[in-house]
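In this text, residue positions in the sequence shown follow the numbering used here: the first is 414, and each later residue adds one. This report concerns only the one structure given below.
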Amino acid sequence: MTPVKPRRKLWRTRFKLARNVLPFAPRISYADIIPDSAIDGELQHWGEVILLSDLAAVLHRDGTITRRAHHIASLHANESLSQWDEIFRFYDRQTALHKIQTAKVYLPDGSQRKARRVVQPYGQIAVQFYPLRPGVTVELEEQQDFFTPDRISACMWGQEYLRYSIPCQRLRCTIAVAEPFELQYELHQTNQEPRSWKQGTYQVYQWDLQALPGYETDDATPHPRDVIPWVDFTTLTNWEPIAKFYRQDLEPPSKIPVQIQKLSEDLTRESETTEDKIYALYEYASDDVRYGRHPNELALEKTREVGSMLEDMRGDCKDKSSLLVSLLRHQGIEAEVAVLLTRANGTIPFLPGARFDHAIVCVTDEQGVRLWLDPAGGPMTFKDLPYNDQGMQALLLNLPAGELTTISCGGPETHQVHRQCEGKLSEDCSYEFGTNVSTTGDTAMEFRLRYINRNEEYQSLTLERELASSLTGARIDAPLFHNLTDLSQPVTYSCKMTLDQWARKIEDIILFRVPWIGAMHTVALVNVQKRNSALQAPWPIRFSDQHRIELPPGYHGYGLPYQQRFECEWGRYETSIYEEDSHLICHRQVDHLGGIVREEQYLDFKQYWEQCTRADALDVVLMKKPS
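Shown next, in the form of structure tokens:
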């Protein structure tokens, strides 16, 4: 299938005149808006209420696009008012036209003021709304006409939310596509089909919704695309134009530069196997080349020139990925650049469109097994991949049409903190133990980010503070990283820890609480009785902990062995405590599985979390044997 070629330019495109899109969505005036009777209460609750959100996107037969937006909102909270003090719009005068059609402030006494418009050089418009105070209503109506097709292809793609984080009394979304283009769309979190009709040579789709409630959000709410209704649309029939566009910018030159050839040979001189070569080149691109660009290169979409990159050892995700691919290809190793949208931007795959924010590398070994490497994701352990990349849709640039695939997603064991402790509990209730900790995946990467470029004194001091922060009164001695700079191994560290008065003594009874790593009571996810929005469960990670504790002379455990196991859709918890040869043996493993907890599932998740919290806080009863 080939992209649709636009017909000759419309005369309004030729003369750079605004197009009339009102026939597809007739204008709704301020007089037509009747505020809901409960708006005062909603304003005090939400701080703002949208009275009208009217959006239109039109693709004309010559491949150019017109976008129109009409927004009316009542304001109450300070943060809502401050967002309307001054609004900026930018456009390229050579290729587009932007018009502010209406900009007004409606005061509570019934009067109205026009907003001040300031046209600045280089296609910048500032709209200043005044006066603003609680109870005012603001109106902004604007239209932007583009006079050249999109540089990727003559097409249109995008997404529109069908619900907002604040209440909306009326939301109208109109999409019109002229022949010979055709629109495909997908609904997410909703089954609200649009009204569709033919108007001249345009096929029009329209959603017209009313009385939409607000959606409460907080730091634990998932990305909106994963939880609230939205529509994804595109006129592209395949990914070929997208792959072609990114390949022009990101694909390394077919003739590998001499500097890269020499660098590749130097880095792999002592490597014996293909895997050794891949590791040596990955380590260089990930660790030696720092992340970032000079400010004057931030807007450049192409990869940096090889000489500049090797000179200052600096590059962003596309620079580092392209460099790694060139280094690998010189060694005869099959490698490709892949682009993706990271998990932090939602997990639902998009229809064809240039909606990517990251570049990584896909390596194929002799057996045809794919290995994903992210040289810009931080100093990750070799073969580990940031969870932000896992499970996401990626577009490989290895074919003319690209190859759309999904990156495999590892479980909690790929992001693990494993701790082994051996110590002694004294009769004065202090617990002294030595600990060895091994970390993988994102947890190892976070340690490296904080410590890898620091000297041993800084590492020791800062690690001591970090470990002591989760255990009040803890004394940390001899904290030491063992292989922080070795990207081929998990990050490990050791220390000695003393917890004075950690247990409680009541006559001949000691109540001892095991100091588990990653104790669940330290994460306040379920403090409220109910939620009005979805909850993002903790991302996958495994905490595994083992303590071998020498008991005070004459003491033994009461009511042991003790075991607990809890499991739900978002996690697994297992602990066991028993006595062996005058030692207390304590095991615990917690697997956070990630996922989204819907509002109706919150009580199930809360019950699971509370069970685990109580198990973490359990007192082990130690009794002194009669003399």
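Backbone N, C-alpha and C fix where the C-beta goes; we use that ideal spot for every residue, glycine too.
Neighbour-count burial assignment, residue i, 16 or more Cβ in a 10 Å radius
{"i": "Y618", "result": "buried"}
{"i": "Y1021", "result": "buried"}
{"i": "M726", "result": "exposed"}
{"i": "D631", "result": "exposed"}
{"i": "S493", "result": "buried"}
{"i": "P928", "result": "buried"}
{"i": "W643", "result": "buried"}
{"i": "K731", "result": "buried"}
{"i": "W570", "result": "buried"}
{"i": "W915", "result": "buried"}
{"i": "I820", "result": "buried"}
{"i": "W610", "result": "exposed"}
{"i": "R440", "result": "exposed"}
{"i": "L862", "result": "exposed"}
{"i": "P813", "result": "exposed"}
{"i": "D797", "result": "buried"}
{"i": "R576", "result": "buried"}
{"i": "K690", "result": "buried"}
{"i": "S995", "result": "exposed"}
{"i": "F860", "result": "buried"}
{"i": "F428", "result": "exposed"}
{"i": "A624", "result": "exposed"}
{"i": "T648", "result": "buried"}
N-terminal and C-terminal residue of the alpha helix (DSSP H) that residue i is part of
{"i": "V671", "result": "V671 to L680"}
{"i": "Y659", "result": "E653 to L663"}
{"i": "A403", "result": "In the structure displayed, the chain extends from 414 to 1040; residue 403 sits before or after that span and is not available."}
{"i": "Q872", "result": "E869 to A881"}
{"i": "A693", "result": "T687 to E696"}
{"i": "S495", "result": "N491 to S495"}
{"i": "F860", "result": "G854 to Y864"}
{"i": "D645", "result": "Unbroken run through D645 is the beta strand (DSSP E), W643 to T647; no alpha helix (DSSP H)."}
Strand pairing of residue i, partner residues [DSSP]
{"i": "M910", "result": "F846 and I889"}
{"i": "M1036", "result": "I922 and H969"}
{"i": "H484", "result": "S466 and L553"}
{"i": "G984", "result": "C981 and H1005"}
{"i": "T479", "result": "V471 and D558"}
{"i": "E993", "result": "H996"}
{"i": "T587", "result": "A469 and Q619"}
{"i": "L817", "result": "L808"}
{"i": "K837", "result": "E845 and E963"}
Residue i and residue j closer than 8 Å at C-beta
{"i": "T755", "j": "D770", "result": "yes"}
{"i": "G970", "j": "V1033", "result": "yes"}
{"i": "G476", "j": "P419", "result": "yes"}
{"i": "F437", "j": "Y692", "result": "no"}
{"i": "A767", "j": "F646", "result": "no"}
{"i": "L622", "j": "L584", "result": "yes"}
{"i": "L973", "j": "E992", "result": "yes"}
{"i": "P792", "j": "I746", "result": "no"}
{"i": "V830", "j": "T905", "result": "no"}
{"i": "K517", "j": "A528", "result": "yes"}
{"i": "I485", "j": "Y543", "result": "no"}
Residues near residue i by beta carbon distance below 7 Å, same chain, minus five either side
{"i": "P788", "result": "Y695, A698, S699, K733, S734, L737 and V774"}
{"i": "M414", "result": "With a pLDDT of only 49 at M414, under 50, the local geometry of the prediction cannot be trusted, and no value is derived from it."}
{"i": "L456", "result": "V462, S487 and H489"}
{"i": "D1004", "result": "P825, R955, G984 and R985"}
{"i": "R481", "result": "V434, A469 and Q556"}
{"i": "D855", "result": "P799, Y800 and H828"}
{"i": "E592", "result": "R474 and T614"}
{"i": "F925", "result": "L838, A916, D1032, V1033 and L1035"}
{"i": "V1010", "result": "A947, L948, A950, W983 and F1018"}
{"i": "P562", "result": "P419, G476 and T477"}
{"i": "E1012", "result": "R944, N945, S946 and A947"}
Contact set for residue i: own chain, Cβ-Cβ below 8 Å, skip 5 residues either direction
{"i": "L723", "result": "Q672 and L676"}
{"i": "L880", "result": "A887, I889, P892, C908 and M910"}
Residue i: first and last residue of the uninterrupted beta strand (DSSP E) it sits in
{"i": "M793", "result": "Per DSSP, M793 belongs to no beta strand (DSSP E) and is neither H nor E."}
{"i": "E499", "result": "E499 to F503"}
{"i": "V462", "result": "E461 to L472"}
{"i": "K731", "result": "Premise fails: K731 lies in the alpha helix (DSSP H), C730 to H743, not in any beta strand (DSSP E)."}
{"i": "L786", "result": "R783 to L786"}
{"i": "S957", "result": "I954 to E963"}
Same chain only: Cβ atoms within 6 Å of residue i, ignoring 5 sequence neighbours per side
{"i": "P665", "result": "S735, V738 and S739"}
{"i": "K1019", "result": "V939"}
{"i": "L598", "result": "Sequence inspection shows Tyr at residue 598; the Leu mentioned does not correspond to that position. V644 and F646, listed in sequence order."}
{"i": "Y975", "result": "I990"}
{"i": "S873", "result": "P892"}
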